[in-house]
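J.:
Residue numbers (my numbering): 17 to 421.
#1: Do you know offhand how far residue 244's Cα is from residue 147's?
#2: What does the alpha-carbon distance come out to for the pair residue 26 and residue 322?
#3: Take the Cβ of residue 267 as the centre, count every other Cβ of all protein chains shown within 10 Å, and call the residue buried at 16 or more, exposed below.
#4: Between the Cα of residue 317 and the Cα atoms of 144, 304 and 219, which residue gives the shortest distance?
#5: Report yes if the C-beta distance between residue 149 and residue 274 is below 8 Å; otherwise report no.
#6: Between which two residues does the alpha helix (DSSP H) harbouring residue 320 extend?
#7: Excluding the 5 residues preceding and the 5 following residue 421 in the sequence, name in chain order all residues of the same chain whose CB lies nearer than 8 Å to its CB.
#8: If you drop the 5 nearest sequence neighbours on each side, which residues of the same chain put their C-beta closer than 8 Å to that of residue 64?
#9: Compute the beta-carbon to beta-carbon distance between residue 49 and residue 83, rounded to the nearest angstrom, for a pair I have assumed lies under 8 Å.
#10: So what does DSSP say about residue 109, is it helix, strand or coil?
#11: Please give the ranges of any alpha helix (DSSP H) in the stretch 124-173, keeping only runs that are unbroken, at least 4 residues long and fully inside the region.
#12: Residue 285 to residue 108, Cα distance in whole Å?
#13: Measure the C-alpha to C-alpha separation of residue 78 and residue 157 and round it to an integer number of angstroms.
#14: CA-CA distance, residue 153 and residue 386?
#15: Can you tell me whether residue 32 is buried or exposed? The criterion is at least 16 other CB atoms within 10 Å of its CB, across all chains shown.
#16: Between which two residues does the alpha helix (DSSP H) holding residue 285 run?
#17: Within the stretch 319-378, note down every full beta strand (DSSP E) run reaching 3 residues or more, in order along the chain.
#18: From which residue to which residue does the beta strand (DSSP E) around residue 413 run?
#19: Can you name the residues that DSSP bridges to residue 395?
#20: Per the contact definition of three or more C-beta pairs closer than 8 Å, is the stretch 42-57 in contact with the stretch 277-292?
#21: Just list the alpha helix (DSSP H) runs in the stretch 165-247, keeping only unbroken ones of 4 residues or longer that don't cross its boundaries, in chain order.
#22: In the structure shown, what three-state DSSP assignment does residue 104 receive?
#23: From the DSSP output, read off the bridge partner residues of residue 46.
#24: With a cut-off of 8 Å, do at least 3 Cβ pairs link the stretch 173-191 to the stretch 229-238?
#25: Let me know the secondary structure DSSP gives residue 83 once reduced to three states.
#26: Could you give the DSSP three-state label for residue 305: helix, strand or coil?
#27: Could you tell me if residue 347 is buried or exposed, where buried requires 16 or more neighbouring beta carbons within 10 angstroms of its beta carbon?
#28: Mapping DSSP to helix, strand and coil, what is residue 386?
#29: Run the CB neighbour count on residue 225, radius 10 Å, all protein chains shown included, and call it buried at 16 or more, exposed below.
#30: Excluding five sequence neighbours on each side, which residues of the same chain lie with their C-beta closer than 8 Å to the C-beta of residue 399?
#31: Tell me which residue opens and which closes the beta strand (DSSP E) that residue 22 is part of.
#32: Please list the terminal residues of the continuous alpha helix (DSSP H) segment that includes residue 37.
#33: Taking 6 Å as the limit between beta carbons, can you name the residues of its chain near residue 213, skipping five residues before and five after?
#34: So residue 62 and residue 144 are in contact, right, with Cβ under 8 Å, and what is the actual spacing, rounded?
#35: Would you grab the beta carbon distance between residue 195 and residue 259 for me? Rounded to a whole angstrom, and I think it's under 8 Å.
#36: When the Cα of residue 405 is compared with those of 192, 99 and 378, which residue comes out closest?
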């Protein structure tokens, strides 16, 4: 049986996260903390506790969440003392429905309170790093492109906005949900969109060429927003072009474009200082990821390079990952694991509570065991390769429904 690095009671978050932080005496530039299922606030509450310790002990400066980077700027402005209503910030600053999470609200409150007592140059930063896309659709790049154009118009020669506005056309065809399944419904192959892509690429290069001067002359946050606008606009256009391709690799490419946008955003965020990243395990693992769909979605398996693989390639030892796994969570329709799976062995042999384990040791234990079958599409169990792509495993033996508010 694999010996845990530490075992603690399920409600003792502080002891657990202090043990996690102790595994990294030299802070990595980016520390990933992954969850196996979205919408389970126990993982997010652990994330909050971990970030507090990382700030206190290791000088972490940013926390990044798997929600749209473009909308997430609203949250960062608020936690740094900006005006606004908390409910509105939660509703507009988070995507994928994550604004309804009590743990996310607690994080926003904690960051805002911490920053009340810090000078602006030492503010803790909230960052979002996801592309502004959903499984069913992707929006027009209008908002990001207009922001980029307005910024560059004050500092460089750019084409008139009317030229871009004409090529953009109305927003509705861009976000047509039918385009997700039918490439012919996508605007991505239209000649005007190709022309728009060329102009947007020119704008991004214009910005890149002027960054050293602009960094000396403009507010750093203003420049960061412009760089994000450039990444978002070019990424969305690439995503729409991919949606329009009727090939067998279409969904693979869409997943790859999204995760590459994630990685680019995270690399920019990490330039500010050590960053804790919270996302699904599948995005944070440092090697190829896969996702299998049931028969009603074509019985296909996608494989692509996630954000974590890009960060591992770019940052090396400055990127580390803790993956979370769970035994059972009845309120999430996740029963006790089968005894011949790695989750089943851990669930049977470890005492109640939470357990931090060295991933290589659990990976060795996994050999010869079956893969756990997920009872719900929302939960992705440990597969045969992920434990070779992360540094540590945090195993939560059982999770009960969260009654915190």
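Built from N, CA and C at the ideal position, the CB exists for glycine as well.
T.: So, from the listed chains and residues:
#1: Between residue 244 and residue 147, the C-alpha separation is close to 11 Å.
#2: Going by the C-alpha atoms only, they are around 30 Å apart.
#3: Taking every protein chain shown into account, the CB of residue 267 has 16 or more other CB atoms within 10 angstroms, so this residue is buried.
#4: Taking only the C-alpha atoms, the option nearest residue 317 is 304.
#5: It is a contact, given that the beta carbons lie within the stated cut-off.
#6: Note, residue 320: premise wrong, no alpha helix (DSSP H); beta strand (DSSP E) at 317-320.
#7: Low confidence applies to residue 421: its pLDDT is 47, below 50, so where it sits in the model is not reliable, and the reading given next is rough at best. 118.
#8: These residues qualify, in order along the chain: 119, 122, 123 and 126.
#9: Beta-carbon to beta-carbon, residue 49 and residue 83 are separated by about 15 Å, too far to satisfy the 8 Å threshold.
#10: Correct three-state label for residue 109: helix.
#11: 158-169, all fully within the stretch 124-173.
#12: Looking at the two C-alpha atoms, the distance is approximately 21 Å.
#13: Their backbone Cα atoms lie some 27 Å apart in a straight line.
#14: Whole-angstrom Cα-Cα distance: 35 Å.
#15: With 16 or more other Cβ atoms within 10 Å, it is buried.
#16: Segment 266-286, the alpha helix (DSSP H) holding residue 285.
#17: Fully enclosed beta strand (DSSP E) runs of 3 or longer: 335-344 and 370-374.
#18: From DSSP, the beta strand (DSSP E) with residue 413 extends over 408-414.
#19: According to DSSP, which records beta bridges pairwise, residue 395 is partnered with 53.
#20: Pairwise C-beta distances place the stretch 277-292 in contact with the stretch 42-57, as three or more of them are shorter than 8 Å.
#21: Runs of the alpha helix (DSSP H) inside the stretch 165-247: 177-184 and 207-233.
#22: In the structure shown, the three-state DSSP call for residue 104 is helix.
#23: In DSSP, residue 46 forms a bridge with 291 and 335.
#24: Touching, no, given that fewer than three Cβ pairs across the two stretches are closer than 8 Å.
#25: Residue state, collapsed to three classes: strand.
#26: Here residue 305 carries a strand assignment [DSSP, helix/strand/coil].
#27: When all chains shown are included, residue 347 counts as exposed.
#28: Strand.
#29: Exposed, since its Cβ has fewer than 16 Cβ neighbours within 10 Å.
#30: Cβ contact annotation for residue 399 (same chain, cutoff 8 Å, sequence separation greater than five): 306 and 387, in chain order.
#31: 22-24 is the extent of the beta strand (DSSP E) around residue 22.
#32: First-last of the alpha helix (DSSP H) with residue 37: 29-38.
#33: Taking residue 213 as the centre and dropping the five residues before and after it, the same chain places the C-beta of 253 closer than 6 Å to its C-beta, in chain order.
#34: The pair is not a contact, with the Cβ atoms about 19 Å apart (cut-off 8 Å).
#35: The pair is a contact, with the Cβ atoms about 5 Å apart (cut-off 8 Å).
#36: Residue nearest to residue 405 within the set 192, 99 and 378 is 378 (criterion: CA-CA distance).
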